[in-house]
Amino acid sequence: MVVTVEGWWGKRESLRVASLIFVVAAAAILGALGFQYLGGYEPCHLCLMQRTPFYLEVPVALVAIVAAWKRAPRWVLAPLFIVLAILALYNTGLAIFHSGVEWKFWPGPASCSPSTSVKSAASVLGSLQAGIHGPSCEDAVWRFAGLSFAGWNVLISAFLALLGIFGATRAAKGV
């Protein structure tokens, strides 16, 4: 028996959309990890927060792929795409907030500002006991085409949100 691409892929939009979400989300998180561990770019607190939705999107998209491949009913597929859209919308909001912090439109959370003021030896000891903070969220360590990592995450997450919404509407129609 010969299985063609048309045979298992065909006009199954839910399968294509779930696969695209999986690939984009996995590429985004692998890219972030690559920049960190291979490129030496230390992530700030907000950067780490923006990874969590991707960590959740990848397995949910994988479940959606399997469900679409097995031709699950629409009441199974549509909620999976809704969850993917919600995760991506949440991440879009986080990335917009982070971009605003980088452009100094608003202040970031206290966890984003490493304390650098040294008043006494006791304050240094207190800082060490409180834990070491990562880099400041206000400083974009890398930009490409004028966008920082957070700026690119806005675009990627918004694209994933649109795909999730599209997938939910198509799955609800049984396509």
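1 is the number of the first residue of the sequence shown in the UniProt record's numbering; add one for each residue after it.
Ideal placement from N, C-alpha and C gives every residue a C-beta, glycine not left out.
Suppose you measure from the CA of LEU15 to the CA of ALA110; what does that come to, to the nearest Å? In a straight line, the C-alpha of LEU15 is about 42 Å away from that of ALA110.
ALA67 vs GLY164 beta-carbon contact at 9 Å: Not in contact: ALA67 and GLY164 (Cβ atoms no closer than 9 Å).
Comparing C-alpha positions only, which one of PHE144, TYR55, GLU102 and PRO135 sits nearest to ALA27? Distance check between ALA27 and each of PHE144, TYR55, GLU102 and PRO135 places TYR55 closest, using alpha-carbon atoms only.
Own chain partners of ILE65 with C-beta closer than 7 Å, once the 5 adjacent residues on each side are dropped: Closer than 7 Å at Cβ, skipping near neighbours: LEU15, ALA18, SER19 and PHE22.
Delimiting residues of the alpha helix (DSSP H) encompassing TRP103: Neither: TRP103 is in no alpha helix (DSSP H) and is coded neither H nor E.
Going by C-alpha distance, which of LEU46, HIS45, GLU57 and VAL141 is nearest SER30? Reading off the sequence, residue 30 comes out as Leu, not Ser. The shortest CA-to-CA distance from LEU30 to any of LEU46, HIS45, GLU57 and VAL141 is the one to GLU57.
Reduced DSSP category for SER115 - H, G, I as helix; E, B as strand; rest coil: Confidence at SER115 is low in this model, with a pLDDT of 49, below 50, so the placement of that residue should be treated as unreliable; the coordinate-derived value is given next. In the structure shown, SER115 sits in coil (DSSP, three-state: anything other than H, G, I, E or B).
Own chain partners of GLY100 with C-beta closer than 6 Å, once the 5 adjacent residues on each side are dropped: Excluding positions up to five away in sequence, the list reads TRP106.
When LEU62, CYS44 and GLY174 are compared against ILE25, the one with the closest alpha-carbon: The amino acid occupying residue 25 in the given sequence is Ala; Ile does not appear at that position. Taking only the C-alpha atoms, the option nearest ALA25 is LEU62.
Could you tell me the boundaries of the alpha helix (DSSP H) in which GLU57 lies? First-last of the alpha helix (DSSP H) with GLU57: 45 to 69.
What is the rounded straight-line gap between the Cα of PRO43 and the Cα of LEU160? Straight-line Cα distance between these residues: approximately 22 Å.
Out of LEU162, GLN50 and VAL83, which one is the CA nearest neighbour of LEU94? Among LEU162, GLN50 and VAL83, the Cα nearest to that of LEU94 is on GLN50.
Using C-beta distances below 6 Å, list every residue in its chain close to TRP103, excluding the 5 sequence neighbours before and after it, in chain order. Correct list: empty, nothing qualifies.
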